[in-house]
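Heads up: the sequence lines are chains A and B, in that order.
Using the working numbering, the letters of the first sequence correspond one by one to residues 1 to 336.
Using the working numbering, the letters of the second sequence correspond one by one to residues 337 to 652.
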Amino acid sequence: MEAKRENGSILQFAPFQSSVDEGFWHRLSSLKLNKFRIDDSPIPITGFYAPCSHSQVSNHLTLVAESLPADEDEQSSVPAIASGNRNRCSVPGILYNTNTLEDFRALDKKSLLKQEAKKIWEDIQSGRAMEDSALLSRFLVISFADLKKWSFHYWFAFPALVLDPPATVVELKAASQWFTLDEAESVSKACNEWRSSNSTAGVPFFLVSIASDSRASIRHLKDWEACQGDGQKLLFGFYDPCHLPSNPGWPLRNLLALICSRWNLKSVDLFCYRESRGFADLGLSLVGKVLLHGSTRDHKDLPNAVGWELNKDRAVPRSITLAKSMDPTRLAISAA
Amino acid sequence: MVLKQKLHDAFKGTVERITSPRTVSAFKEKGVLSVSEFILAGDNLVSKCPTWSWESGEPSKRKPYLPADKQFLITRNVPCLRRAASIEEDYIASGGEVLLDNDDDENDAWVATHGTPKETKAGEEDNVPSMEALEISRKGPIQSIPSYFGDPEEDDIPDMADYDDPDNLIEADPATLQTTYLVANEPDDDNILRTRTYDVSITYDKYYQTPRVWLTGYDESRMLLQPELVLEDVSQDHARKTVTIEDHPHLPGKHASVHPCKHGAVMKKIIDVLMSRGVEPEVDKYLFLFLKFMASVIPTIEYDYTMDFDMGSSSS
């Protein structure tokens, strides 16, 4: 899991991983049969993630039934997605569900990824991503729901804007080793407050500002200018779904793109925020100093983007068959 | 057996429909919870252990006697690094109690080992074999049959895995960490493949008036596990008896569940032991006790139930 030696100190990001609840496929099937029918226009969906909360497993971008719009007959009774659920930070996504397997295979995956990357890039350029940092992460799913066999073929992409040349690491270690004891205590406290407030629990990118008296406060990205010139330590923080002690997770990539593009910084301190048992864990969290090598004039055009998810190291879609819980014939037999 | 279960389900469903939910507290007398006590205990769990959240589940399955936004509790992506089935031998060999068999003395034995209040905990905990110290049995490796895809009955599904990416989608990107699909590096280093994750949910069972635990398992690449495979992560005393595979009351699909028929009785015993030691159990702590009790059934699923505070107001 170490960065490859020949790459020296290139900062490497652990890819996001997807997870789909059975409930998502059930609602998609119902919507497809009752509402969308043969309409295969893209559907806006919402994915959820949370900071890593265990030293041995990473968190995932999860789709649940509520990721999809409500079924029409249920619409009145469905509450809006609970805001402030700290275990469900929303990530905007889009679903291309095709009518046939041929259509699924024929989708122009490169251009779909590019379209989503363009949205992120435009939100960075317009400043929207600073106001609403959840826009820095997006995802895309292509799928084919075979409702005759109750099987689903799907493929996730997590578009990440590529820095060219890539960022390099000067230092990356456990946050507890980087902060002084006083700072660590204050950072933990500030993070726990941020995570337990309904208005900020779902804000996945932020600034950590540490005053000369070691007192830390968490600020919104848009406050970056206001934080300048105070002589404090300023770190760029994000909810890190990754558990590895050697690498930050995927969402950091678009934050770095924002930092390059908006502020043209050459050296930044990062805070990869992780939890255990639902509270800040600075032993698990990482702090790193990285160097950014882009020049200002590179920051006008849409950068290249990567992010199609691998399936056990291969570039193939995933499939799941839910006939056991969805096929009316089988359900009837098992109920007889 | 199946028919018997179905008859019982039908009976239970009818009783649930015609009886009103419990409103008077019988927490200390019977070890059961009223609906409002369940909400109270759930709110306390969510605030002390924030990896747990309330969810509303499928709108069509909503229970009218529970608030729409507090239908059940869930904690997702809980690691399970070892199969309970494979550590069982070592557990018994190391002198572990046979857990919760019947309504006999063994309940007390269980209570004595696991339900000790804080002040005597340190001494008695030495008797509990530490899960950390247990070696995974190398004998009889558990077959990890991956999830739902590749169902042999579905031969005619085009195998998407054979369809290799023609678009050369995955570009060489030096900033992408390559080894994300964690494979074993050495022949006997298969801990990574053992790493499953679980979504653990707690529902309110109106018939038994107790919480009920449900398990949804995922393999190492976060693909859904067949519920039968979940039984590998259940203590073998319970795997075929108290843990059954049923429809989840708020989510689609079949899930493994710890049957609640003995929950009230066991909780009553735990409460009695606490009271005999001068601790007055508080009903909002019910789920912490309950989850500690559940840990004997699913010992390797590492969900959170912090216990580092008093179980109740101590009268002594």
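Backbone N, C-alpha and C define an ideal beta-carbon position, used for all residues, glycine too.
All values reported here derive from a predicted model rather than from experimental measurement.
Using a C-beta to C-beta distance shorter than 8 Å, which residues of chain A count as neighbours of residue i?
| i | result |
| --- | --- |
| B:His380 | Just to set this straight, residue 380 of chain B is Asn in the shown sequence, not His. Simply none; closest approach about 14 Å. |
| B:Tyr554 | Ser19 |
| B:Thr330 | A query on residue 330 of chain B cannot be resolved here, the shown segment of chain B reaching from 337 to 652 and no further. |
Using a cut-off of 9 Å between C-beta atoms, extract the partners of residue i located in chain B.
| i | result |
| --- | --- |
| A:Arg262 | The contacting residues do not exist; A:Arg262 stays about 20 Å from chain B at best. |
| A:Gln115 | What A:Gln115 touches in chain B: nothing, since even the nearest Cβ is about 15 Å away. |
| A:Leu258 | Result: empty, since nearest Cβ-Cβ is about 16 Å, beyond 9 Å. |
Sort the options by Cα distance to residue i and report the nearest one.
| i | options | result |
| --- | --- | --- |
| A:Asp213 | A:Ala184, A:Phe205 and A:Tyr239 | A:Ala184 |
| B:Lys364 | B:Met630, B:Lys621, B:Tyr641 and B:Asp405 | B:Lys621 |
| A:Trp224 | A:Cys242, A:Trp263 and A:Arg215 | A:Trp263 |
| B:Met559 | A:Phe152, A:Ala157 and A:Cys260 | A:Phe152 |
| A:Gln56 | B:Pro415, B:Pro400, B:Pro403 and B:Ser383 | B:Pro415 |
| B:Tyr540 | B:Thr387, B:Phe374, B:His599 and B:Thr642 | B:Phe374 |
| B:Leu369 | B:Gln514, B:Ile607 and B:Leu513 | B:Ile607 |
| B:Glu391 | B:Leu343, B:Val566, B:Val360 and B:Pro585 | B:Pro585 |
| A:His54 | A:Leu284, A:Glu309 and A:Gly237 | A:Leu284 |
| A:Ser69 | A:Asn87, A:Leu28, A:Ser90 and A:Ser126 | Going by the sequence as given, residue 69 of chain A is Pro instead of Ser. The residue with the shortest Cα to Cα distance from A:Pro69 is A:Leu28. |
| B:Leu551 | B:Glu638, B:Thr350, B:Ser383 and B:Leu376 | B:Glu638 |
| B:Asp379 | B:Thr355, B:His595, B:Phe624 and B:Lys366 | B:Phe624 |
| A:Gly307 | A:Ile320, A:Ala280, A:Asn247 and A:Ser111 | A:Ser111 |
| A:Ser188 | A:Leu286, A:His293 and A:Lys32 | A:Leu286 |
| B:His599 | B:Val351, B:Val360 and B:Lys366 | B:Lys366 |
| B:Thr411 | A:Arg86, A:Asp71, A:Ala65 and A:Val91 | A:Arg86 |
| A:Ser90 | A:Phe158, A:Pro328, A:Asn59 and A:Val203 | A:Val203 |
With a threshold of 8 Å between beta-carbons, can residue i be considered close to chain B, or not?
| i | result |
| --- | --- |
| A:Trp194 | no |
| A:Arg128 | no |
| A:Glu22 | yes |
| A:His97 | Here the sequence assigns Asn to residue 97 of chain A, which means His is not the residue at that position. Output row for A:Asn97: interface = no. |
| A:Val141 | no |
| A:Pro15 | yes |
| A:His293 | no |
| A:Ala65 | yes |
| A:Val78 | Residue confidence is low: A:Val78 scores 45 on pLDDT, short of 50, so the model does not pin down where it sits. Its coordinate-derived value is still stated next. Closer than 8 Å to some Cβ of chain B, the Cβ of A:Val78 qualifies, so yes. |
| A:Val169 | no |
| A:Ile320 | yes |
| A:Arg277 | yes |
| A:Leu11 | yes |
| A:Ile333 | no |
| A:Val290 | no |
| A:His220 | no |
| A:Arg37 | no |
Determine, using beta carbons only, whether residue i comes closer than 8 Å to chain A.
| i | result |
| --- | --- |
| B:Lys340 | no |
| B:Met559 | yes |
| B:Val418 | For clarity, residue 418 of chain B is Arg in the given sequence; the question names Val instead. For B:Arg418, the answer is no, since every Cβ of chain A falls outside 8 Å of its Cβ. |
| B:Arg530 | no |
| B:Thr387 | yes |
| B:Glu394 | yes |
| B:Pro547 | no |
| B:Asp569 | no |
| B:Asp640 | yes |
| B:Pro415 | yes |
| B:Thr350 | no |
| B:Phe485 | With a pLDDT of 43 at B:Phe485, under the threshold of 50, the modelled position of this residue cannot be trusted; read the value that follows with caution. Cβ-Cβ to chain A under 8 Å: yes for B:Phe485. |
| B:Lys457 | Only weak support is given to the placement of B:Lys457: the predicted model assigns it a pLDDT of 37, under 50, and the value that follows is read from those uncertain coordinates. For B:Lys457, the answer is no, since every Cβ of chain A falls outside 8 Å of its Cβ. |
| B:Leu343 | no |
Name the one or two DSSP bridge partners that residue i has.
| i | result |
| --- | --- |
| A:Asn311 | A:Arg314 |
| A:Ala14 | A:Gly249 |
| A:Pro92 | A:Thr46 |
| A:Asp146 | A:Ser151 |
| B:Thr591 | In the sequence as displayed, the identity of residue 591 of chain B is His instead of Thr. Note: B:His591 sits in a beta bridge opposite B:Glu582. |
| B:Tyr622 | B:Tyr622 pairs with nothing; no bridge assigned. |
| A:Asn97 | A:Ser143 |
Under 7 Å Cβ-Cβ, which residues of chain B neighbour residue i?
| i | result |
| --- | --- |
| A:Val306 | Glu507, Asp509 and Thr512 |
| A:His26 | Pro588 |
| A:Pro166 | Pro510 and Ala511 |
| A:Ser325 | Pro588, Gly589 and Lys590 |
| A:Ser53 | Thr387 |
Can you name the residues of chain B whose CB is closer than 8 Å to the CB of residue i?
| i | result |
| --- | --- |
| A:Gly266 | Residue 266 of chain A is actually Lys in this sequence, not Gly. Correct list: empty, because the minimum Cβ distance to chain B is about 17 Å. |
| A:Arg274 | Neighbours of A:Arg274 on chain B: none; closest Cβ ~13 Å, over 8 Å. |
Measuring from the CB of residue i, is there a heavy atom of the ligand HEM at a distance below 7 Å?
| i | result |
| --- | --- |
| A:Tyr96 | You won't find the ligand HEM in this model; it holds no ligand whatsoever. |
Identify the contact partners of residue i in chain A, using a Cβ-Cβ distance below 9 Å as the criterion.
| i | result |
| --- | --- |
| B:Thr580 | Chain A residues near B:Thr580: none, gap ~14 Å exceeds 9 Å. |
| B:Thr539 | The premise fails here: B:Thr539 is roughly 15 Å from chain A at the closest Cβ pair, so nothing lies under 9 Å. |
What in chain C is Cβ-close to residue i, meaning under 8 Å?
| i | result |
| --- | --- |
| A:Leu147 | No chain C is part of this structure, whose protein chains are labelled A and B. |
**Asked** Enumerated in chain order, which unbroken segments of the alpha helix (DSSP H) with a length of 4 residues or greater are wholly contained in the region 538-568 of chain B?
**Response** Entirely contained in the region 538-568 of chain B, the alpha helix (DSSP H) runs reaching 4 residues are, in chain order, 563-566.
**Uninterrupted beta strand (DSSP E) stretches inside the region 382-414 of chain B (no shorter than 3 residues)** = The region 382-414 of chain B is shown to contain whole beta strand (DSSP E) runs of 3 or more residues at 389-391, in chain order.
**Asked** Whole alpha helix (DSSP H) runs in the region 226-291 of chain A with 4 or more residues, listed along the chain?
**Response** 252-258
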